[in-house]
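Since the structure comes first, as structure tokens, the remarks are kept for the end.
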Amino acid sequence: MWSWAVRGVLAALAAFLVIATVPRSNLSPAQVPTPTSSATEAPVIAKAADTCRGLDDSGASPIPFPARTAAEVIEGTRRDPSVRLLFNDLAGVRPGPMRDPRAPQCRPDLLELGQSVFVRQYPATTGRWLLPVRYQDQTLVTVFVYTDLNGMGIVGGNRGGGIAIPTEAEARAAGGTSADPVTAAELVLGNASCGRDLVMWRLVRQSGKVMYLVPEFPGAAPPGALMTDREVWFSTSGRPVAYAKAAAAC
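If you want it as structure tokens, here you go:
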């Protein structure tokens, strides 16, 4: 009898040892793999890539157009192939550094040209038209249209954002005095700091004295820095002696 009891104990022990030696991974249920982020994001990326499909992302070099009036300039600039390309770049029709996050994705048709302003390349009679490219209440870039003696214009680049230009009334108030008011005012391109053209108001007082209001002079508070004709220079003149304001700006 004792031998049968021993045999029962040994059988139970053998069964326990078999179970204990089975690898744990074979006893646990298989885990279902979790989808990776790349798999879930792929449709989103594909959808974004298809958003601009069908839009014309072509462009070409600028072409001359009549530019004697503000209306002609706006019409010619709107039709210009280089400006069409600029609108496409701002709206992300094709990827590139010109993409502006403020512009609606793939909707260049929602961008518009704002009011144009002519600035004379003093003392010449030619100059540049400044046209803001706007979306809603924001100026994204300012387009330059250069004019010639025949009244023709051509797009010649742009700069980011708008150009702060005081109104003529503000310029006259800043440039004149009660005893010597401003009698003539016009926007011109001149230089007052470090070699780059700046938009400025040329203000002629009743006495004949000429003053210049430079809105974008470095460090100047609105409406700008007021300077004499000895502190600015133009494309046909050399740079004057370094006066305090110009030297500080450089």
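Sequential numbering of the sequence shown, starting at 42, is according to the numbering used here. All C-beta atoms, glycine included, are put in the ideal place defined by N, C-alpha and C. Predicted, not measured: the structure shown is a model, and the values here were computed from it.
Per-residue DSSP class, three states only, for residue 275: coil
Residue 185 - containing beta strand (DSSP E), residue span: 179-188
C-beta contact flag for residue 257 and residue 243 at 7 angstroms: no
C-alpha gap between residue 116 and residue 271, whole angstroms: 39 angstroms
Minimum C-alpha distance to residue 102 - residue among 237, 251, 195 and 268: 195
Sequence-distant residues of the same chain with beta carbon closer than 8 angstroms to residue 212, five excluded per side: 223, 226, 242, 244, 254 and 264
7 angstroms Cβ shell around residue 163 - same chain, five flanking residues per side excluded: 229, 230, 231, 243 and 275
Inter-stretch contact (C-beta, 8 angstroms, three-pair minimum) for the region 122-139 and the region 147-158: yes
Sequence-distant residues of the same chain with beta carbon closer than 8 angstroms to residue 145, five excluded per side: 132, 151 and 176
8 angstroms contact criterion, which residue 192 and residue 108 should meet: CB distance rounded: 6 angstroms
Cutoff 6 angstroms; reference residue 182; Cβ partners in own chain excluding five residues on either side: 174, 199 and 201
Inter-residue CB distance, residue 185 and residue 169 (contact presumed, cutoff 8 angstroms): 5 angstroms
Unbroken stretches of the beta strand (DSSP E), 3 residues or longer, contained in the region 187-270: 193-201, 223-232, 238-246, 251-255 and 266-269
DSSP three-state assignment for residue 174, whether helix, strand or coil: strand
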